[in-house]
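K.L.:
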Amino acid sequence: MKIDRPSWFGSSLDPAVAIAKEPLEGREFKPAVGTPETAKRQVTYPPNFGKETFEKAIDELRKILGAENVQINDQLRQLLNVPSPPLDRPLSPPDPPSLSTDHPALSHDAYNVLDADYFVPSAIALPGSTEEVQAIVRWANKWIFPLWPISIGRNLGYGGAAPRVPGSLVINLGARMNKVLNIDEKAANCLLEPGVTYIELYEELKRRGLGEKLWVDVPDLGGGSVMGNALDRGVGYTPYGDHWSQHCGMEVVLPNGELVELGMGSMPGAKTAQCFQYGYGPFLDGMFSQSNLGIVTKMGFFLMPNPGGIKPFMISFMHKEDLGPAVDTLQPLMASRLLGNIPSLRLGLWDAATYGSKDEYWPENAGRVVPEDVELRILKEKGLGYWVFYGALYGPDEVTDPQWEIVKSKFKHIKDVKFSLREDVSAESYLHDRANVFAGVPTFRELAWHAWIPNSGELFFAPISGVNGADAVAQVKLCREITSKWGFDYLGTFYVAVREAHHIVTLLFDRSKPEQRVNAEKCIRELIDTHAKLGYGEYRSHIATADQIMATYGANNHAFRRLNEQIKDCLDPNGIMAPGRTGIWPRAYRGKGWEIDGVAPLKQVKPEAGKL
Ligand code: ADP
């Protein structure tokens, strides 16, 4: 079988040419764009710390890591009115990776939904080795100092790099621990440190001459870390799109500073650590995903062998009511694995947002929600369906040509449906970007919809839906009602797997307008509650909504949360490791007002004088 990359691979359409030059500024502590570097702000101390104890503790940390590897979060940060970054249109590839996610703030959540100064660290540590991570953990136990590990900290829409407990020490693992430790060509796997980004792994494969042979599954944006995304259970779009399920082997620093290897790696000299996920005995890897039980310092991943060809395609469903039939038609194609990747079914208006801003399409909008007549006009202008489906078939043409005919035949009963391959669409079509992503090429086109409104911040609502029309229609109806009520456009996509779809709804709010930020919070809280009542839960959340979401997983008098609390108290008796992550609090914090489970003025959720 002939193994080759898609025909556009390495051509001028390959955005990695531009991406390779990206400075990766997220590695350094940077104030928000436009901030005067010299302006100072008051440090937020962790609970139970005053200036004196904080400075003593930090002095000791400086001795452990070197003064240059401990940064104090004392710079004034201009959080609001951050100008939207320039976006030159048309956005033809290669996309300029010039938007604000190039500068993810490590000092705060750049898209804050609570008061800007709440989720902030007191300091940021930059360890250079696993031993230094262990030393930080031992130091934290001595001082009872809360930690918040990040790999790159671009988790935008879910809290970015910001810690859940104000005054925590953010451990910026990606700054100095960012090596590709191993790539096994034959076994198609790799071993990574926390800071390795998708772009870097992709570039490293090319550098080693393996770019043709092994593909990386990339998410929508290539600048985040492979490890951070997998630990937060993010998705990509090739058949390896469920990132957590494609990991194999982990090295973890436990809350007491001890180091543990999971899977086959727990055998000294193991030869198959990145080949077999389970090892022997209880499979404990899950305890370290979306959790606060350890700091992952190494992680193995499967790489996708080049399938010998790819046929990316777009199906446009022209009518609003096509959603149910489209999803129902999709279900057997997903379940049988005829469609083997993670395709997406996206609202046409959101697609339109990757081509132009709301002001450009509808200059008289005055901040209003796009009404249906305007929505239909925009879709017509851009030649987009009401729902747009992006998928890919993998394998040589001899395999994918007949598969494509089957796919078309399955959907053709839907009125006015349109089928397109890359050669059928214009150069500006979003299909080209999706095609790159489906072939494991990192891109930045997704950033374009940030310019939909000025000054945009994003907040993601991410419920799981079944792959059935009734679920999809019910969720979209509810989401649209609630987002409109709070003044936001419904912008949703279904990322479809075998038996479920991640329904990602983006609330875009104007950061320069505090009332929009408040409404975004009210909106997401209503979305969480109303979906829970219908039996739909979220797969991932912003740190501000974690407590509320954990409360919705409340069967048997919250037995799941209580089990997690028992494990937490046992492994982390001092409660130093990411307290509050996914709504799991250590004993010292529980029931003292740290939980945020409704829209509350912040003073009510800030425990008295930062005490435990
Ligand atoms: P990205 O690389 O996409 O920017 P982050 O570094 O922000 O992702 O990681 C997302 C979340 O996952 C973090 O907020 C943190 O809670 C958790 N996390 C990331 N890396 C690690 C790690 N190495 N060990 C433990 N938890 C981690």
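So this note's numbering is basically just the index in the sequence shown, starting at one, shifted up by 737. Glycine included, each C-beta is placed from N, C-alpha and C at the ideal position.
Going by alpha carbons, who is nearest to G890 out of E869, D969 and V953?
P.N.:
Here residue 890 refers to the residue found at position 153 when the sequence shown is read from its first residue. Cα-wise, what sits closest to G890 is D969.
K.L.:
Which partner residues of S1003 appear in the DSSP bridge assignment?
P.N.:
For this step, residue 1003 is matched to residue 266 along the sequence shown. According to DSSP, S1003 bridges with nothing at all.
K.L.:
The beta strand (DSSP E) that contains M1287, what's its start and end?
P.N.:
Numbered from its first residue, the sequence shown carries residue 1287 at position 550. Looking at the DSSP string, M1287 is not in any beta strand (DSSP E); the run it does join, the alpha helix (DSSP H), is A1283 to T1289.
K.L.:
May I ask you to report which of helix, strand or coil DSSP gives I908?
P.N.:
Residue numbering aside, residue 908 sits at position 171 when the sequence shown is read from its first letter. I908 falls in the strand class under three-state DSSP.
K.L.:
Quick one: what's H1377 bridged to in DSSP?
P.N.:
Residue 1377 is absent from the structure shown; the chain starts at 738 and stops at 1349.
K.L.:
Using a Cβ-Cβ cutoff of less than 7 angstroms, which residues in the same chain neighbour L1039 once the five nearest sequence positions on both sides are dropped?
P.N.:
Indexing the sequence shown from 1 puts residue 1039 at position 302. The residue you asked about is not Leu; residue 1039 is Phe in the sequence shown. Same-chain partners within the cutoff: A925, N926, Y977, Q983 and C985.
K.L.:
Consult DSSP for G965 and reduce its assignment to one of helix, strand or coil.
P.N.:
By 1-based counting over the sequence shown, the position of residue 965 is 228. Here G965 sits in helix by DSSP.
K.L.:
Taking the CB atoms as reference points, tell me whether M1055 and V1125 lie closer together than 8 angstroms.
P.N.:
One-based indexing of the sequence shown puts residue 1055 at position 318. One-based indexing of the sequence shown puts residue 1125 at position 388. The answer is no: Cβ separation not under 8 angstroms.
K.L.:
Could you check where the alpha helix (DSSP H) with R1171 kicks off and where it finishes?
P.N.:
As a working note, residue 1171 is residue 434 in the sequence shown. Per DSSP, R1171 belongs to the alpha helix (DSSP H) from Y1167 to F1175.
K.L.:
Looking at C-alpha atoms only, which residue of A1283, G1320 and Q1285 is the closest neighbour of L1300?
P.N.:
Counting from 1 along the sequence shown, the entry for residue 1300 is found at position 563. It is G1320.
K.L.:
Measuring from the CB of S1094, is there a heavy atom of the ligand FMN at a distance below 7 angstroms?
P.N.:
Here the bound small molecules are the ligand ADP; the ligand FMN is not part of this structure.
K.L.:
Considering Cα atoms alone, identify which of H1268, E1160 and S1249 is closest to A1211.
P.N.:
As a position in the sequence shown, residue 1211 is number 474, starting the count at 1. Of the listed residues, the one whose Cα sits closest to A1211 is H1268.
K.L.:
Counting along the chain, where does the alpha helix (DSSP H) carrying Q1253 start and finish?
P.N.:
For this step, residue 1253 is matched to residue 516 along the sequence shown. Its alpha helix (DSSP H) spans residues P1251 to K1270.
K.L.:
Among all the DSSP beta bridges, which residues are the ones paired with K1155?
P.N.:
Taking the sequence shown and counting its residues from 1, one reaches residue 1155 at position 418. Paired residues: S1053.
K.L.:
With 16 other CB atoms within 10 Å as the buried threshold, where does F1297 fall?
P.N.:
Reading the sequence shown from its first residue, position 560 is the one you call residue 1297. Label assigned to F1297: exposed.
K.L.:
Return the CA-CA distance between T1289 and I1261, expressed in angstroms with no decimal places.
P.N.:
For this step, residue 1289 is matched to residue 552 along the sequence shown. For this step, residue 1261 is matched to residue 524 along the sequence shown. Near 14 angstroms, if we compare the C-alpha coordinates of I1261 and T1289.
K.L.:
Taking 7 angstroms as the cut-off, is the C-beta of S905 nearer than that to any heavy atom in the ligand ADP?
P.N.:
Position 168 of the sequence shown, counting from 1, holds the residue named residue 905. Because no heavy atom of the ligand ADP lies under 7 angstroms away, the Cβ of S905 does not count as near it: no.
K.L.:
With a threshold of 7 angstroms (Cβ to nearest heavy atom), would I861 be considered close to the ligand ADP?
P.N.:
Along the sequence shown, read from residue 1 onward, the residue named residue 861 stands at position 124. Checking every heavy atom of the ligand ADP against the Cβ of I861, none is found closer than 7 angstroms.
K.L.:
I'd like the span of the beta strand (DSSP E) that includes I1201, first residue to last.
P.N.:
Residue numbering aside, residue 1201 sits at position 464 when the sequence shown is read from its first letter. Segment I1201 to G1203, the beta strand (DSSP E) holding I1201.
K.L.:
If you pair each beta-carbon of the region 882 to 900 with each one of the region 847 to 861, do three or more pairs fall below 8 angstroms?
P.N.:
The region 882 to 900 vs the region 847 to 861: in contact.
K.L.:
When the Cα atoms are used, what is the spatial distance from N1256 to W876?
P.N.:
Mapped onto the sequence shown, residue 1256 falls at position 519. Mapped onto the sequence shown, residue 876 falls at position 139. Near 40 angstroms, if we compare the C-alpha coordinates of W876 and N1256.
K.L.:
Between the region 1238 to 1251 and the region 1194 to 1202, can you find at least three pairs of beta-carbon atoms closer than 8 angstroms?
P.N.:
The region 1194 to 1202, when compared against the region 1238 to 1251, does touch it at the 8 angstroms Cβ threshold.
K.L.:
DSSP beta-bridge partners for F1038?
P.N.:
By 1-based counting over the sequence shown, the position of residue 1038 is 301. F1038 is bridged to C927 and H984.
K.L.:
Whole angstroms are fine: how far does the CA of W981 sit from the CA of P1019?
P.N.:
The count along the sequence shown starts at 1 and reaches residue 1019 at position 282. The count along the sequence shown starts at 1 and reaches residue 981 at position 244. So the two alpha carbons sit approximately 17 angstroms from each other.
K.L.:
Take the Cβ of Q1014 as the centre, count every other Cβ of all protein chains shown within 10 Å, and call the residue buried at 16 or more, exposed below.
P.N.:
The count along the sequence shown starts at 1 and reaches residue 1014 at position 277. Under this definition Q1014 is a buried residue.
K.L.:
Compute the Euclidean distance between the alpha carbons of L1264 and A804, then round it to the nearest angstrom.
P.N.:
Counted from its first residue, the sequence shown places residue 1264 at position 527. Counted from its first residue, the sequence shown places residue 804 at position 67. About 45 angstroms.
K.L.:
Helix, strand or coil: which one does DSSP assign to N1102?
P.N.:
On the sequence shown, residue 1102 is found 365 positions in, with the first residue counted as 1. Three-state DSSP puts N1102 in coil, outside helix and strand.
K.L.:
In terms of alpha-carbon separation, which member of I1280, G1335 and L1308 lies closest to V902?
P.N.:
By one-based count along the sequence shown, residue 902 stands at place 165. Among I1280, G1335 and L1308, the Cα nearest to that of V902 is on I1280.
K.L.:
Check whether the Cβ atoms of M1071 and D954 sit closer than 8 angstroms, and answer yes or no.
P.N.:
Indexing the sequence shown from 1 puts residue 1071 at position 334. Indexing the sequence shown from 1 puts residue 954 at position 217. No, these two residues do not count as a Cβ contact at 8 angstroms.
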